[in-house]
Amino acid sequence: MTVDAPDATGFAIAARAGDAARAGVITTPHGQIATPAFIPVGTKATVKAVLPESMSRLGAQAILANAYHLYLQPGHDLVDEAGGLGAFMNWPGPTYTDSGGFQVMSLGAGFKKVLSSEFSGGEKARTASGEDDDVAAGKERLAHVDDDGVTFRSFINGDVHRFTPEISMQIQHGLGADIMFAFDELTTLMNSRGYQERALERTRLWAERCLVEHARLTAERVGKPYQQLWGVIQGAQYEDLRRRAARDLGAMDMDGQRFDGFGIGGALEKENLGTIVRWVTEELPDERPRHLLGISEVDDLFTAVAAGADTFDCVSPSRVARNSAVYTRTGRVNLTGARYKRQFAPIDETCDCYTCTHYTAAYIHHLFRAKEMLSSTLCTIHNERFVVRLVDEIRASILDGSFDALREERTGAYYGSPR
Ligand SMILES: [Zn+2]
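In this text, residue positions in the sequence shown follow the numbering used here: the first is -4, and each later residue adds one.
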């Protein structure tokens, strides 16, 4: 069986900068995404505290939701019945869903997130699986990995569930996002080299099964908009494993069904981010798009784009906003600080978001002090706009040849010296 992506989907590269940066356009049945692009996260089919209309107005081109959370609640069948994720949440544009693997294994085992900027080398990470598993004292292990899939307990009520590559595909087809990710095994930097090799081989075999099931479901669900499936490259901090995974998944072809793009996942230390992404993008097919999972820091975005990543997602802009932390051109600040009590001016004079064009920092400082919900809404709009706009400016700089100058200027202003 051969399944070709219809003409309504694809990726076109418009311009390049440096060794690997590129600007392009991803086409989906629900519209186009100009890349590089930051994709805000709406875990449970909502960007917390913000209307989809506001997300559209602040320039978000797509929303990424979480297959694990939506599987547990309200269930992918219900979302399918509603017409898919976008129709369900009143978001007419493109959508992404992740495979659920990260949440199954990380929430299931209760271990610390180890992606990019949130990695804390001082804290021992825990993994969900394997002989070098190390469960936090006093915590029950909630996820078990075997060659066929993962058995885990719901974080909501403790019920036992099982994900396999086939089940992840069925869930993601039910959710109906334009871009889906293959089911992969998440490892951490604390796993042994031997374990990383075995996990990578398991992820390779799961990738093949995802392609087969994806082709079957695409043929079965005639009349539904075409959904792209992107393979996920693992391999932790090992150059040979990362390159091998990228070559394997880049060349993978199951009876004519290939990956439409790729995700770069797993354990990445901030200082190795650019190096690891570059290993992977050197091996991947140039003409297919790449998504880097879980970054939004200013320096990380420039580093990832320079290394050849096209789209990114991260929960941080909304998560920190709800805790009163906001991004400004000159760095991240906390609005509960006394200096904002009488700042009758926007959070950031250079920001064009709805919040900064209508409200003062003094007012938002008051909202946080008074524990008013509107504080979360206003700060999330600001932070999401900040990251979306920065990545849009990065795109423009690739198109007009000023990427390096923009990187120096923006990281210099944000951190005090260029990065
Ligand atoms: Zn703003």
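A virtual CB, placed ideally from N, CA and C, is assigned to each residue, including glycine.
- The DSSP assignment places 293 to 301, 311 to 317 as complete runs of the alpha helix (DSSP H) inside the segment 274 to 331, in order along the chain (cut-off: 4 residues).
- When secondary structure is reduced to three states using DSSP, tyrosine 233 falls in the coil class, being assigned neither helix nor strand.
- Ranked by Cα distance from phenylalanine 33, the first of Asn318, Cys346, Ser311 is Ser311.
- The beta-carbon distance between proline 284 and isoleucine 21, rounded to whole angstroms, is 5 Å. This is short enough to meet the 8 Å contact definition.
- Alanine 177 carries a coil assignment under DSSP once its states are collapsed to helix, strand and coil.
- Shown here, methionine 247 sits in coil according to DSSP, grouped into three states, outside any helix or strand.
- With at least 16 other beta carbons inside 10 angstroms of its own, phenylalanine 97 counts as buried.
- At least one heavy atom of ligand 1 lies closer than 7 Å to the C-beta of threonine 350.
- Counting along the chain, no beta strand (DSSP E) covers tyrosine 358; the unbroken alpha helix (DSSP H) around it starts and ends at 356 to 364.
- Checking the 7 Å criterion, the Cβ of aspartate 343 is within range of a heavy atom belonging to ligand 1.
- Burial is judged here by how many other beta carbons sit within 10 angstroms of a residue's own beta carbon; methionine 50 has at least 16 and is buried.
- Classified as exposed, histidine 353 has fewer than 16 neighbouring CB atoms from the shown chains inside 10 Å of its CB.
- Cβ contact annotation for aspartate 75 (same chain, cutoff 6 Å, sequence separation greater than five): Gly169, in chain order.
- With fewer than three CB-CB distances shorter than 8 Å, the segment 79 to 91 does not count as touching the segment 241 to 249.
- Histidine 71 has its alpha-carbon roughly 23 Å from the corresponding atom of glycine 289.
- In this structure, DSSP gives glycine 26 an extended state, which the three-state scheme calls strand.
- Under the DSSP assignment, phenylalanine 257 falls in the beta strand (DSSP E) whose first and last residues are 256 to 259.
- Cysteine 348 and phenylalanine 178 have their alpha carbons spaced roughly 36 Å apart.
- Taken from the Cβ of arginine 273, every heavy atom of ligand 1 lies 7 Å or farther away.
- The segment 4 to 78 contains, as complete beta strand (DSSP E) runs of 3+ residues, the segments 5 to 12, 16 to 23, 26 to 30, 32 to 35, 58 to 61 (chain order).
- Counting only residues of its own chain and dropping the five nearest sequence neighbours on each side, glutamate 208 has a CB closer than 6 Å to the CB of Glu161, Met164.
- Counting along the chain, glutamine 252 sits inside no alpha helix (DSSP H), nor does DSSP assign it H or E at all.
- DSSP, reduced to helix, strand and coil, places alanine 138 within a strand of the structure shown.
- DSSP, read as helix, strand or coil, puts tryptophan 201 in helix.
- One Cα belongs to glutamine 27, the other to arginine 334, and the distance between them is close to 42 Å.
- Counting along the chain, arginine 402 sits inside the alpha helix (DSSP H) bounded by residues 398 to 410.
- Under the three-pair Cβ rule at 8 Å, the segment 252 to 271 counts as touching the segment 179 to 197.
- Isoleucine 228 is bridged by DSSP to Ile259.
- In this structure, histidine 353 has its CB at a distance of at least 7 Å from all heavy atoms of ligand 1.
- Secondary structure note for phenylalanine 158: its beta strand (DSSP E) is the uninterrupted segment 155 to 158.
- With distances taken between CA atoms, aspartate 143 lies nearest to Arg204 out of Arg204, Val275, Pro280, Arg390.
- Using a cutoff of 7 Å, the CB of arginine 380 counts as near ligand 1, since one of the ligand's heavy atoms is closer than that.
- Annotated three-state conformation of arginine 148 is strand, per DSSP.
- Beta-bridge partners of tyrosine 91 (DSSP): Leu59, Ile174.
- Its Cα nearest to that of leucine 373, the residue Ile342 stands out among Ile342, Glu403, Val300, Ala365.
- 8 Å or more divides the Cβ of arginine 317 from the Cβ of glutamate 278.
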